[in-house]
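Q: Residue numbers (the working numbering), protein chains in the order written: chain W, 8 to 258; chain D, 8 to 258. Note that the Cβ used here is the ideal one computed from N, Cα and C, for glycine as well.
There are 2 protein chains.
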Amino acid sequence: MGSSEIRIVPITCLPEIQAGDQLAALIERALVDCGLRIRDSDILVLAQKVVSKAEGRLVPLAAIEPSRRAREWASEHGRDARVIELVFREAKQLIRAEQGVIITETRHGFICANAGIDTSNVPPGCALLLPEDPDASAERLRAELGLRLGHDLGVIISDTFGRPWREGLVNVALGVAGLSPVTDYRGTPDAFGKCLKMTVIATADELAAAAELVMGKANRVPAVLIRGFEHEPAQGSGKELLRRADRDLFR
Amino acid sequence: MGSSEIRIVPITCLPEIQAGDQLAALIERALVDCGLRIRDSDILVLAQKVVSKAEGRLVPLAAIEPSRRAREWASEHGRDARVIELVFREAKQLIRAEQGVIITETRHGFICANAGIDTSNVPPGCALLLPEDPDASAERLRAELGLRLGHDLGVIISDTFGRPWREGLVNVALGVAGLSPVTDYRGTPDAFGKCLKMTVIATADELAAAAELVMGKANRVPAVLIRGFEHEPAQGSGKELLRRADRDLFR
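1) Against T206(W), what residues of chain D qualify as contacts under a CB-to-CB distance less than 8 Å, listed in chain order?
2) Can you check DSSP and say which residues form a bridge with T126(W)?
3) Going along the stretch 63–79 of chain W in order, which residues come within less than 7 Å of chain D, judged by CB to CB distance?
4) Hey, Q55(D) and P138(D) are a contact pair by Cβ (cut 8 Å); roughly how many whole angstroms apart?
5) How about L65(W) and C133(W): do their beta carbons lie closer than 8 Å?
6) Give me the DSSP bridge partner(s) of T111(D).
7) Nearest by alpha-carbon distance to K157(D): which of I18(D), E35(D) and A26(D) is it?
8) Which term fits M8(W), buried or exposed, when burial requires 16 or more other beta carbons within 10 angstroms of its beta carbon?
9) If the criterion is Cβ atoms closer than 8 Å, does the pair A209(D) and V189(D) meet it?
10) Would you tell me roughly how many angstroms separate the C-alpha atoms of Q100(W) and A180(W), rounded to the nearest one?
11) Judging by CA-CA distance, which residue of L68(D), E92(D) and V16(D) is the nearest neighbour of L220(D)?
12) Look at the alpha carbon of D1(W) and the alpha carbon of L152(W), and state the distance between them as a whole number of angstroms.
13) Along the alpha helix (DSSP H) that carries D49(D), what are the first and last residues, could you check?
14) Would you say D197(D) reaches chain W, if we count a Cβ-Cβ gap shorter than 8 Å as a contact?
15) Helix, strand or coil: which one does DSSP assign to P141(D)?
16) Which residue from P73(W), K201(W), V39(W) and D166(W) puts its Cα closest to that of G245(W)?
17) Please report the straight-line C-alpha distance between G107(D) and H84(D), rounded to a whole angstrom.
18) How is L148(W) classed by DSSP in three states: helix, strand or coil?
19) Looking only at its chain, what residues have a beta carbon closer than 6 Å to the beta carbon of H238(W), apart from the 5 residues adjacent to it on each side?
20) What residue range is occupied by the uninterrupted alpha helix (DSSP H) comprising I34(D)?
21) What do you reckon, are the CB atoms on K60(D) and Q29(D) nearer than 8 Å?
22) Consult DSSP for F236(D) and reduce its assignment to one of helix, strand or coil.
23) So which residues on chain D does K60(W) lean against when the C-beta distance must stay under 9 Å?
24) Among the candidates E112(W), T19(W), L21(W) and S48(W), whose CA atom is the shortest distance from the CA of R251(W)?
25) Can you tell me the Cα-Cα spacing of A168(D) and V90(D), whole angstroms?
26) Between M8(D) and chain W, is any beta-carbon pair separated by less than 8 Å?
27) Measure the beta-carbon distance from G223(D) to I13(D) and round it to whole angstroms, keeping in mind my assumption that it falls under 8 Å.
28) Is it true that the CB of D191(D) sits closer than 8 Å to the CB of L248(D)?
29) Count the other C-beta atoms from every protein chain shown that fall within 10 angstroms of the C-beta of P141(W), then say buried if there are 16 or more, exposed otherwise.
30) Starting from the Cα of S11(D), find the closest Cα among D255(W), A218(W) and D253(W) and give me that residue.
31) Answer yes or no: does any C-beta atom of chain D fall closer than 8 Å to that of E239(W)?
32) Check this for me: beta carbons of L93(D) and I45(D), under 8 Å apart or not?
33) Suppose the cutoff is 7 Å on Cβ atoms and the five residues either side in sequence are ignored; what does the same chain contact list for D40(D) look like?
34) Under the DSSP definition of a beta bridge, which residues are partnered with R14(D)?
35) Which residues in chain D sit within 7 Å of P210(W), going by Cβ to Cβ distance?
36) Mapping DSSP to helix, strand and coil, what is T19(W)?
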């Protein structure tokens, strides 16, 4: 295999994460247990779920008192009113609420189903919210892992989102640290010497998608190492991938 | 590195493709030149451009007579009227035409900018149309490569599309052969034993996205080998990834 290949390596040795866990320490140990040695410019992709769990974003549904609006919507669509209440609380805006699906803009600016709230792969009777600030979570992990491992990593916090027009979910990047979320070819020549005008690739989303391929069923592999992706270290931010409402034709 | 890792390997030895080229023969030679030996369940991702070029989908713009509607739209938005004419011809439906952007549903059912017509990485004065039937192209290549190489490959024909809500383009799967385009976890238990209800992952799109990471600037690497992705051989089809209009909240 060539030297310019990319490797997508599952980190299979993480325990089930609890609120308050030191994720960087657990990742360091899992890398050792899996026999993986980090190099500069490796990229770590983490499923949002483990970050949210470590940050205490698991909510017991018994503590949630649904509003009348949440109760009505839930009863109409056969959903749990307490989950719908959480969705309404976490949403900055409802984009669509049809066919039993609620598409929201979260307070972070992500447009996704159910404000990104998960009730699968969590303990019974609980719901899991997105991290408060995925970019800050990514940057904190990047800094801590840099100190522990002695190498500059990129960190991506990912989640699976649906999208218009196409069936199936794909992994996207919510939080990004240590690399630019895009590769911008504007102004560079194409294969025929013509200047490229429009080509900005959302590489952080593509890295997140690539990582999902080894995360597998039931999220048993919530951490993935990507080696060999050519990039320059950069501050980076997942927010750069959010299209401004006035530039968006589909809200 | 673990045995369950995925490798994304650029096939760097393909020549510039011309109309009528036998793509399977050129890929076979490129694999040899790159020192790559195919195994069963390897997946080949090909940029749509090389497939379209081999299939003679390059159109000299001098031969295109734009309609009055195309001339008006082009003049209003500073575009080439002959390209806009091609976009109108290739589109089954205009989804949006605002802010100088034309989002179309192509006759295949893809929703994308400019009916997928490219004017970059093509000879000057030309535009490149999508393949007539990307699934048929993928199946033909799968069958020919199977005979030549003696192994069952999956084949994905990919292109970079924009999407609502998020900045940047990502690679998606237009044509698929030899593998299912989705991984369907519905009915399987999550990590806590709860039945997953909604989880269908568009793995062909994630494989296409992963491949883009080594395709790079100016599409110099239009073919990528993916090794180690766990899947069962299946007929497969890119059409399965197209959401039916009546199930789509964003048209």
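A: Let me spell this out:
1) Sequence index remark: in the first sequence, residue 206(W) carries index 199 (1-based). Within 8 Å Cβ-Cβ: S127, T167 and L176.
2) Walking along the first sequence from the start, residue 126(W) turns up at place 119. Paired residues: none, contrary to the question.
3) none
4) Here residue 55(D) refers to the residue found at position 48 of the second sequence. Here residue 138(D) refers to the residue found at position 131 of the second sequence. Confirmed, Cβ separation roughly 7 Å.
5) As a position in the first sequence, residue 65(W) is number 58, starting the count at 1. As a position in the first sequence, residue 133(W) is number 126, starting the count at 1. Their beta carbons are under 8 Å apart, which means L65(W) touches C133(W) by this criterion.
6) Stepping through the second sequence from its first residue, residue 111(D) is reached at position 104. Note: T111(D) sits in a beta bridge opposite L101(D) and C119(D).
7) In the second sequence, counting from the first residue as 1, residue 157(D) sits at position 150. According to the sequence displayed, residue 157(D) carries Gly and not Lys. G157(D) has its Cα closest to that of E35(D), out of I18(D), E35(D) and A26(D).
8) Numbered from 1 along the first sequence, position 1 holds the residue referred to as residue 8(W). Note that M8(W) scores a pLDDT of 42, beneath 50, so its modelled location is shaky and nothing firm can be said.
9) Sequence index remark: in the second sequence, residue 209(D) carries index 202 (1-based). Sequence index remark: in the second sequence, residue 189(D) carries index 182 (1-based). Yes, these two residues count as a Cβ contact at 8 Å.
10) Taking the first sequence and counting its residues from 1, the one referred to as residue 100(W) is at position 93. Taking the first sequence and counting its residues from 1, the one referred to as residue 180(W) is at position 173. Computed Cα separation, rounded: 21 Å.
11) Taking the second sequence and counting its residues from 1, the one referred to as residue 220(D) is at position 213. Of the candidates L68(D), E92(D) and V16(D), the one whose C-alpha sits nearest the C-alpha of L220(D) is V16(D).
12) This structure leaves residue 1(W) out entirely; chain W is present only between 8 and 258.
13) Numbered from 1 along the second sequence, position 42 holds the residue referred to as residue 49(D). That residue, D49(D), is in no alpha helix (DSSP H); it is neither H nor E in DSSP.
14) In the second sequence, residue 197(D) corresponds to position 190, counting from 1. Cβ-Cβ to chain W under 8 Å: yes for D197(D).
15) One-based indexing of the second sequence puts residue 141(D) at position 134. Helix.
16) Translated into positions along the first sequence, residue 245(W) becomes position 238. The residue with the shortest Cα to Cα distance from G245(W) is D166(W).
17) The residue given as residue 107(D) occupies position 100 in the second sequence. The residue given as residue 84(D) occupies position 77 in the second sequence. Their Cα atoms are separated by approximately 5 Å.
18) By one-based count along the first sequence, residue 148(W) stands at place 141. Reduced to three states, the DSSP call for L148(W) is helix.
19) The count along the first sequence starts at 1 and reaches residue 238(W) at position 231. Here the set comprises L186.
20) Here residue 34(D) refers to the residue found at position 27 when the second sequence is read from its first residue. Element bounds for I34(D): L30 to D40.
21) Here residue 60(D) is taken as the residue at index 53 of the second sequence, counted from 1. Here residue 29(D) is taken as the residue at index 22 of the second sequence, counted from 1. Contact flag unset, no.
22) Counting from 1 along the second sequence, the entry for residue 236(D) is found at position 229. DSSP places F236(D) in coil when its eight states are reduced to three.
23) Residue mapping note: residue 60(W) aligns to position 53 of the first sequence, counting from 1. None at all; the shortest Cβ gap to chain D is about 11 Å.
24) Against the first sequence, residue 251(W) aligns to sequence position 244. Cα-wise, what sits closest to R251(W) is E112(W).
25) Reading the second sequence from its first residue, position 161 is the one you call residue 168(D). Reading the second sequence from its first residue, position 83 is the one you call residue 90(D). Checking the displayed sequence, the identity of residue 168(D) turns out to be Phe instead of Ala. Those two C-alpha atoms are separated by around 18 Å.
26) Counting from one through the second sequence, the residue named residue 8(D) turns up at place 1. Any reading at M8(D) must be qualified, since the residue scores a pLDDT of 42, below 50, and its modelled position is unreliable; no value is offered.
27) Residue mapping note: residue 223(D) aligns to position 216 of the second sequence, counting from 1. Residue mapping note: residue 13(D) aligns to position 6 of the second sequence, counting from 1. Not quite, the Cβ-Cβ distance comes to about 19 Å (not below 8 Å), so this is no contact.
28) By one-based count along the second sequence, residue 248(D) stands at place 241. By one-based count along the second sequence, residue 191(D) stands at place 184. No; because the gap between Cβ atoms is not below 8 Å, this pair is not in contact.
29) As a working mapping, residue 141(W) is identified with position 134 in the first sequence. P141(W) is buried by the Cβ-count criterion.
30) Along the second sequence, read from residue 1 onward, the residue named residue 11(D) stands at position 4. That would be A218(W), whose Cα lies nearest to the Cα of S11(D).
31) Along the first sequence, one-based indexing puts residue 239(W) at 232. With 8 Å as the cut-off, E239(W) does not count as an interface residue toward chain D.
32) Position 86 of the second sequence, counting from 1, holds the residue named residue 93(D). Position 38 of the second sequence, counting from 1, holds the residue named residue 45(D). No.
33) Against the second sequence, residue 40(D) aligns to sequence position 33. If we look at D40(D) and ignore the five residues flanking it on each side, its Cβ neighbours are C20.
34) Position 7 of the second sequence, counted from the first residue, corresponds to residue 14(D). Paired residues: R14(W) and R234(D).
35) On the first sequence, position 203 is the one that residue 210(W) refers to. Looking at the sequence provided, one finds Thr at residue 210(W) rather than Pro. Within 7 Å Cβ-Cβ: L220.
36) Taking the first sequence and counting its residues from 1, the one referred to as residue 19(W) is at position 12. T19(W) falls in the coil class under three-state DSSP.
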